[in-house]
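Undergrad:
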Amino acid sequence: MEEADILGDRIAIMQTGKLKSYGTSMFLKKLYGDGQVEVTLSIEPWCDPSKIIQEVGISAQLLSQDEGKMVLTIPQVESLPQTLDHLESSRNALGITGMSVSLITLEQVFLRVTREDADRVESREPMKYSEKTTGIEYFRQCFFAFLLKKFTSSRKNIWSFLLTLLLPSLACIVMLAAFSGTTDPTRSLSLTLNAYDSPQAFVKSSDSDLSRTYVKSMSQFGGRAEILREPTTSVTDALLKVAKDDIGVYRNKYIVSAEFYQMDMNITANGFYSGGAYLGMPVTLNTLSNAILKALTMNDAYTIDASVQQIPIIWAIPQREVADGWLVTSGIILFMAVTIALYVTQPLEEARCGVKQLQIMTGASKFSYWVSMFVFDFLQYVISCLILLVVLIIVDKALAAKLYGETEILISLELMFLLGLSMLPFVYCLSFLKKTLTATKMFQLIAPVVLGLLQVILTLTSMALRNHSMEIFKDFVASIVQMYPLLSFMYAHSTFFTVVSKNARCRRMTSEFTNVLCVLHDPCCEAQCTNGDCKNPFPYFGENDLKFLPNLATSMMYMAGSFLFFSAIIFIIEQRFFQSIIMRIIRNKSKTFNTAEMDELVMKEKRVVADAVENRRNGIFSNVNENLMLVNNLHKRYRSLEVVKGISFRVKEGECFGLLGVNGAGKSTTFRMLTGEEIPNDGQMWLKNFNIESHRVEYLREMGYCPQQDAIMGNLNTWDHLYLFARLRGVPKDQVQDVVEKWIRKLNLTACADQPSNTYSGGNKRRLNIAIALI
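Each step along the sequence shown adds one to the number in my numbering, with nothing skipped, and position 431 is 431.
(1) DSSP three-state call for GLN705: helix, strand or coil?
(2) May I have the straight-line CA-CA distance separating ILE687 from LEU630, to the nearest angstrom?
(3) How many Å lie between GLY661 and ARG155 at the Cα?
(4) Which first and last residues belong to the beta strand (DSSP E) in which GLU846 is found?
(5) Check the DSSP bridge columns for VAL256 and list the partner residues they point to.
(6) Starting from ALA205, trace the beta strand (DSSP E) in both directions and tell me its first and last residue.
(7) Return the CA-CA distance between MET685 and TYR138, expressed in angstroms with no decimal places.
(8) Decide if TYR302 is buried, meaning its Cβ has at least 16 other Cβ atoms within 10 Å, or exposed.
(9) Does the distance from the CB of LYS435 to the CB of GLU574 come in under 9 angstroms?
(10) Let me know if PHE577 comes out buried or exposed under the rule of 16 or more other beta-carbons within 10 Å of its beta-carbon.
(11) Just checking my contact of ALA145 with LEU700 at CB under 8 angstroms: how many whole Å lie between their CB atoms?
(12) How about LEU413 and LEU433: are their beta carbons less than 9 angstroms apart?
(13) Excluding sequence positions up to five away, which residues of its chain have a Cβ less than 8 angstroms from the Cβ of PHE374?
(14) What residue range is occupied by the uninterrupted beta strand (DSSP E) comprising ASN633?
(15) Measure the alpha-carbon distance for LEU747 versus GLU131 and round it to whole angstroms.
(16) Note down, in chain order, each residue of its chain lying with its Cβ closer than 8 angstroms to the Cβ of LEU103, except the 5 sequence neighbours on either side.
(17) Which same chain residues, not among the five before or five after VAL338, have their C-beta less than 8 angstroms away from its C-beta?
(18) Among residues of its own chain, excluding the 5 on either side of GLN579, which ones have a beta-carbon nearer than 7 angstroms to its beta-carbon?
(19) Name the DSSP beta bridge partners of LEU660, please?
(20) For the alpha helix (DSSP H) containing THR670, list its first residue and its last residue.
(21) Can you have a look at THR329 and say buried or exposed, based on whether 16 or more other CB atoms are within 10 angstroms of its CB?
(22) In this structure, does DSSP put PRO81 in helix, strand or coil?
(23) When burial is assigned at 16 or more other CB atoms within 10 Å of the CB, is GLN482 buried or exposed?
(24) Is there at least one non-hydrogen atom of the ligand ATP closer than 8 angstroms to the beta-carbon of GLY33?
(25) Are the segment 52-71 and the segment 15-23 touching, with three or more C-beta to C-beta distances below 8 angstroms?
(26) Give every residue of the same chain whose Cβ lies closer than 7 angstroms to the Cβ of VAL109, excluding the five residues on either side of it in the sequence, and list them in chain order.
(27) Based on DSSP bridge pairs, tell me the residues matched to TYR22.
(28) To which residues does DSSP link PRO282 through a beta bridge?
(29) Could you tell me which residues DSSP puts in a beta bridge with LEU62?
(30) Of the residues LEU460, VAL371, LYS402 and PRO485, which one's Cα is nearest the Cα of LEU418?
(31) Compare the Cα-Cα distances from ARG251 to each of MET470, TYR273 and ASN266 and report the closest residue.
(32) Roughly how far, in whole angstroms, is the beta-carbon of LEU716 from the beta-carbon of SER153, given that I think they are within contact range, below 8 angstroms?
(33) So, are the CB atoms of SER372 and PHE566 less than 9 angstroms apart?
(34) Starting from the Cα of MET416, find the closest Cα among GLU230, ALA492, ARG617 and ARG505 and give me that residue.
(35) When DSSP labels each residue in this structure, what does THR459 get in the three-state scheme?
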């Protein structure tokens, strides 16, 4: 307003999209001032305002009167200068110590132009409730108010809510990559000629049926056979001739051949195969077998299907299981870490914008604030874990991997629940740092990588040095690092899934295959598995095969301990234990300032406040209603810089007290101390009968605060905010609706009450904050 008044040649005033007024600053002041001027008089305590009005004599009206000051409105008439001169000459007799004359301000012009019927005050009587809710009922009301806030916020951020539910289930992609096509130890190969390009063969037989059936078998296997009919030409001669003519054709085309000859009553089959073909010999054997089968049965429909499959190498099995364990664990960790990082959004935004402080100032328990948030977030997390587990089981059934039985499902649920139980308090701790949302999420994702690399480096260093002291240091660091829940979960799930892979492999084996492998002392022999059921599966809580990792039970204990540790940190931070101790230690170090140059009125006020505070500390509360708020000798220092230097003031009942100062004067710091956001280095603050040090909750409960920045939740509307704060202020639940409706009308928020508050104009955001402070 000041800039427009000083710099503006002409001023236009808009309201609700329309131009309401237009003109120079002086013109608007005269037009909306109704021909009146305001005369502000500084007066002595014994001054009689009625005598001053009588001396003025020209329809003077008393606008306001306060201690040491009165404001009159006087018509702009020709005799006004003489009247003011008369007051000036009679100032000593009337008790006037100072006088100023002004037109109405541009701000008053703006308020009069934009005034609507809805802006008029309905009543000067304060809102009264039959009786505020207290005790257990108040705690329950606050708890459910916080829960309703979380539910409403999630409902109005439905896409973010669904993302946290469904994102973990994408970990099934990693499981598909790990196990699709790898259910069998190795791939089987059919013993035919389909792998070769236009294979050919020679066959010679004294029995025409065997020659014919061999040609038929070659055709079925993807090749072509030529019958040698010359008595003097053998198969060997024919092959040598081909090799002599074209060695490339001989090596690439002629994979197999055969000859049948009769000796006495027996027919001898002689098979030829290429030494350069990987499966030449078994393919030759299969081709001969099919030819003989067709000849003996005299039915070309009969065939023998044969294939080869490599028996798994025993030493490679544990390595494959470890690789599967780390791969699946990494996939689950990746998606779970991103999901859990999203849970920091609401507590961080509430802390950064200041709306959390407003909720605590209502007198609501911090315990109910955090427990309600944890209950809602943990239930949401549990649902996402159940969805993930269902998807993993479906994928497991589809791949026939046989990874998840009853035991595996229960342990998986327990691990996921412990992860959520320990990570949520850790995420809440990060909200106290009040960093940006992006930085906080990135920290959560990068921290486990850095800590994991640190532990790997220490492990490798310890193995290289083989030093006992280094080993102790490595174990000490590992015990600290494992307090980070994601790392403990990674170790636990890797250990767990390694055993899962071993048990699943044994379940997949048929009894016949197991019997064959038992000759080679396969580990599955000890499990005693028969057709998918193992009588003695590998234990999950036994010794860890991965010696460099803690066992499953130890990792689970670390996750449970992390929950207690980070919950304790939240409690300590909220109770301000360390801050209080530090402030008490340095309280006596506050500098004293020379008061010789201090203004006389300031010194007088300082003495009055000090006496009033001393009376209250001694249990004397005679003037509580007169001095509702007392601030005595308030100091605040940041390292060597003292920004608040022993200020004292009081606020009386019904008084509008203003605290002015240039940028950097210490106003914001003072208000942060008054509202409990920061602890002063020295000084006392009283509100009614309550001292902030000894009765913090009661002190803050008596205060309504409208911060400098808009302290609102952007996705909630006016109704949501006022319902929340009405319940937190202890308004009986049967009166909440009426109280909220009244404040919406009083602050003229009806038009935008149903819209999200992040769409409000700056003025409506301030109105909402005022309603929150006054409700």
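Each residue gets a CB set at the ideal place from its N, CA and C atoms; glycine is no exception.
Computed from a prediction, not measured in an experiment: that's the story for all the values here.
TA: Here's the rundown:
(1) Just to set this straight, residue 705 is Tyr in the shown sequence, not Gln. The answer is coil: DSSP assigns TYR705 none of H, G, I, E or B.
(2) A small fix is needed here, since residue 687 is Leu in this sequence, not Ile. Answer to the nearest angstrom: the Cα atoms are 7 angstroms apart.
(3) 43 angstroms
(4) Residue 846 lies beyond the residue range present for the chain, which begins at 1 and ends at 775; the question has no answer from this structure.
(5) TYR273
(6) Reading the sequence as shown, one finds Ser at residue 205 and not Ala. Where SER205 is concerned, the enclosing beta strand (DSSP E) stretches over 200-205.
(7) 26 angstroms
(8) exposed
(9) no
(10) exposed
(11) In fact, because the Cβ distance is near 17 angstroms, the residues do not count as touching under 8 angstroms.
(12) no
(13) LEU424, PRO425 and TYR428
(14) 627-638
(15) 24 angstroms
(16) MET26, LYS29, LYS30, GLY33, VAL37 and GLU38
(17) LEU167 and LEU445
(18) ILE679
(19) LEU660 is not bridged to any residue.
(20) 667-674
(21) buried
(22) helix
(23) buried
(24) For the structure depicted, the ligand ATP is absent and the ligand set is empty, with no information on it obtainable.
(25) no
(26) LEU28, LYS29 and TYR32
(27) ALA12
(28) Answer by DSSP bridge pairing: none, since PRO282 is not bridged.
(29) LEU72
(30) PRO485
(31) TYR273
(32) 7 angstroms
(33) no
(34) ALA492
(35) helix
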